[in-house]
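Shown next, in structure tokens, is the structure this report addresses.
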Amino acid sequence: MTKNRRIIPSAAPEPASPLTEAPRRKRKNWRSWLTIQVESERYQPPRSGILLLQVLVGIFFFVFVTRFWYLQLHLGPEMTTQAQKNRLRTERIFAPRGRIFDDHGNILADNRTAYGLAIIREDCPDIPATLAQISQWTDTPLEQLQNRYNQDRFKTKPFEALPLVSGLDFGQVARIEAELVNWPGLEIMVRTNRYYPEKDLFAHVLGYVAEANSAEMEKDPDLAMGDLVGKAGLELELEKRLRGHKGLYQMEVDAHGRMLAKSLSEAPSAGQELALSLDRDLQQAAWDALAGEAGCVVVMEPDTGKLRALVTSPAYDNNLFASGISRRDWEALRTSKRYPLQNRVIQSVYPPGSVWKLLMAVFFLENGVDPRETVFCGGQTKLGNQIFRCWRRGGHGSQTLEQSLINSCDVYYYIMAERLGIDKISAFAKQCGFGRPTGVDLPHERSGLVPSRDWKQRYRKQVWVRGDTFNTSIGQGFTLVTPIQMAVYVSAMLNGGDLLKPQLLEDAPREVRGRIPAELSHLRFVVQAMRRTAGGGTAKVVGRHDADMGGKTGTAQVTKLKMTANDRRLRTAELAYLHRDHAWIATWGSKNGKTYVVIVMVEHGGGGSSVAGPVAKKVYEYLFGPDTAAPGYRAPEAPQPAGRMLGSASGPLPGMTNDSNDLPKRRRR
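Heads up: the sequence shown at position 214 corresponds to 214 in the UniProt record's numbering, and the numbers run straight through without jumps.
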């Protein structure tokens, strides 16, 4: 039945009548419109986002306009000034340092034209080769140049000069200048440098200058790279007065900082010139008197505190530092066993030995010791199992206070010091200026040491014993002083008790920093004993017939030495140098109204009378001339420059007599 089925083709669709066509078309258009509307709404941003965008754009334009108005109208003048500053720069002009003179106008520190080499990194195509060429020209080690370049290159801009070498002489400059055209980026610097015509004679007083380091430039904003500053001595202590005021160049630069034009804005002013109280010729005489020995000489006016000579030996040539010291020279100075860099007048401390008895004698009188009371000296005294010896093996016999000073008897001071005790001794010594700086205008002054019970317990962790008092009484043991402290003390005994600040400037006023707590009669007694000591005691080497003289010698033991097998002390020549005693002499001299205090200390020299005494004698020969009243004196046939002649012998010092019986009355305790 399926097979017989006939498939009848479907009839074609009848054409739609107008009545049925219209509704279909209307329905189709409505659907399309609806679809477009839905899709359109799907991709259209929300209304709130448009509003936010509009607000942000509005705020941006508001801020922009407000900022523009603020910069143009409110900050306009300030910004204009700042722009002008960015276009104009300043360059410092080095000011010459103030010169230094002695009391007669002789130049001690001067300025000279100096030459050097600098490199401008921006213009130098091959820096390693250029450094090698500089090393060849100047004989400067290449490693030294490389180190300096690497250290300083970050302190300057590429187009600024970086100093590498200083202290070139004219011959070197001429040779370098002839080849400079082949080495772009190099330029010759011309500036002033310090020059010391007396070289080592005033080295420790004047000190030296050198280029400022990073720490100094950070501390002082007025310093710049290449500036010379004081490093030691008066150059350091009076740096602000000597440096002067720098000038200024005003430079117009481009956006990269390169100079377009240059004009002088402010002229530099030189540093202050200083006149010292020191006498060049007297300084030379004292230097010659030391004859190369390690030691020092101080010459001071007791009434004013003015220092007339301040010599330390050995010394160094401070010109080495002014021109840039080499590493070899620096190491030689730094490692020398003779310590040439040390100012022995203020920076070295020594046991004073018997010159300390000048203080002890005043102390005894102030504490009621009768100057007529005698102490027997048999050459030694016992303290338990210990033996404390006098310098004279056989002893001095019975000694009064004056005799103990003239003969420098040790046993007298052992006995009297034990009677009064260390507490009073220590307090009195500190009141007399020991144990603290004198205030002299030189850096790094040391205080010395006045020992006491508290000091020994605190620093030595030991108890004070009677033997310590014995040693202190004769300037041994722990006691340490500087030579300038001794000069101040002796001056105070002469001027009535005023402890004066030692002055190095000629125009410095008299400055009292303390007083010896003693009656004037007690000071006069000790000064009179010094006169007797110079007349026939241990200081007779400085005695003169045409001047009023006084002195006290000292031999300061450095190390404790045992006696020989036959109970004999070793002579100085038999000892190793560093085991030899220090030699002291403290003196004063007056002639024709001029009075001076002369202190001499010779390291490891031996006896004070045999070593330090002759040095002081030569200093007085310069000050007072030859002793024309000495028996057998014969005037030289030809004039000889023996120093300034200050006239004939004067009488005793004001308020003093030549009568040894003029003794002070005993004070009650």
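By construction, the Cβ of each residue, glycine as well, lies at the ideal position given by its N, Cα and C atoms. Fair warning: this is a prediction, and the values are worked out from it, not measured in the lab.
Anyone know if the C-beta pair for residue i and residue j falls short of 8 Å?
i, j, result
"residue 286", "residue 309", "yes"
"residue 217", "residue 224", "yes"
"residue 607", "residue 556", "no"
"residue 277", "residue 242", "no"
"residue 270", "residue 507", "no"
"residue 336", "residue 413", "no"
"residue 328", "residue 144", "no"
"residue 320", "residue 369", "no"
"residue 305", "residue 510", "yes"
"residue 504", "residue 440", "yes"
"residue 449", "residue 482", "no"
"residue 137", "residue 176", "yes"
"residue 195", "residue 108", "no"
"residue 212", "residue 229", "yes"
"residue 207", "residue 252", "no"
"residue 358", "residue 622", "no"
Does DSSP put residue i in a helix, in a strand, or in coil?
i, result
"residue 15", "Because the pLDDT at residue 15 is just 49, under 50, the model does not fix this residue reliably, and the value given afterwards should be weighed accordingly. Correct three-state label for residue 15: coil."
"residue 532", "helix"
"residue 326", "coil"
"residue 476", "coil"
"residue 522", "helix"
"residue 647", "In this predicted model, residue 647 has a pLDDT of only 34, less than 50, meaning its place in the structure is not dependable enough to derive any value."
"residue 482", "coil"
"residue 164", "strand"
"residue 277", "coil"
"residue 558", "coil"
"residue 436", "coil"
"residue 393", "coil"
"residue 335", "helix"
"residue 350", "strand"
"residue 129", "helix"
"residue 156", "coil"
"residue 101", "strand"
"residue 118", "strand"
Going by the DSSP bridge assignment, what does residue i pair with across the sheet?
i, result
"residue 112", "193"
"residue 498", "515"
"residue 587", "551, 598"
"residue 487", "Beta-bridge pairing links residue 487 to no other residue."
"residue 360", "Answer is none; residue 360 lacks a bridge partner."
"residue 211", "228"
"residue 283", "Bridge partners of residue 283: none, in fact."
"residue 313", "295"
"residue 269", "245"
"residue 375", "399"
"residue 300", "307, 597"
Taking the alpha-carbon positions, what's the residue i to residue j distance?
i, j, result
"residue 614", "residue 552", "13 Å"
"residue 272", "residue 248", "19 Å"
"residue 639", "residue 466", "Note that residue 639 scores 42 on pLDDT, short of 50, meaning its location in the model is unreliable; the coordinates nonetheless yield the value given after this. So the alpha carbons of these two residues sit roughly 58 Å apart."
"residue 470", "residue 595", "34 Å"
"residue 377", "residue 411", "6 Å"
"residue 420", "residue 284", "44 Å"
"residue 154", "residue 298", "47 Å"
"residue 670", "residue 205", "Outside the modelled stretch of the chain, which goes from 1 to 669, sits residue 670, for which no answer is possible."
"residue 191", "residue 219", "24 Å"
"residue 558", "residue 428", "25 Å"
"residue 123", "residue 182", "12 Å"
"residue 140", "residue 148", "11 Å"
"residue 128", "residue 477", "60 Å"
"residue 626", "residue 523", "29 Å"
"residue 540", "residue 576", "28 Å"
"residue 494", "residue 302", "7 Å"
"residue 573", "residue 238", "43 Å"
"residue 545", "residue 390", "31 Å"
"residue 604", "residue 351", "12 Å"
"residue 55", "residue 67", "18 Å"
"residue 668", "residue 244", "At residue 668 the pLDDT is 38, less than 50, meaning the model places this residue with poor confidence and gives no usable figure here."
"residue 598", "residue 280", "16 Å"
"residue 415", "residue 422", "12 Å"
Are the region 448-456 and the region 381-398 in contact at 8 Å, needing three or more beta carbon pairs? no
Taking three-plus beta-carbon pairs below 8 Å as touching, is the region 404-417 in contact with the region 482-497? no
Are three or more beta carbon pairs between the region 582-596 and the region 285-304 nearer than 8 Å? yes
Answer yes if the region 496-508 comes into contact with the region 353-365, meaning at least three C-beta pairs across the two stretches below 8 Å, and no otherwise. no
Do three or more CB pairs link the region 599-614 to the region 525-535 at distances below 8 Å? no
Would you call the region 106-122 in contact with the region 167-177, where contact means no fewer than 3 C-beta pairs closer than 8 Å? yes
Check whether the region 439-448 touches the region 344-356, counting contact only when three or more Cβ pairs, one atom from each stretch, lie closer than 8 Å. yes
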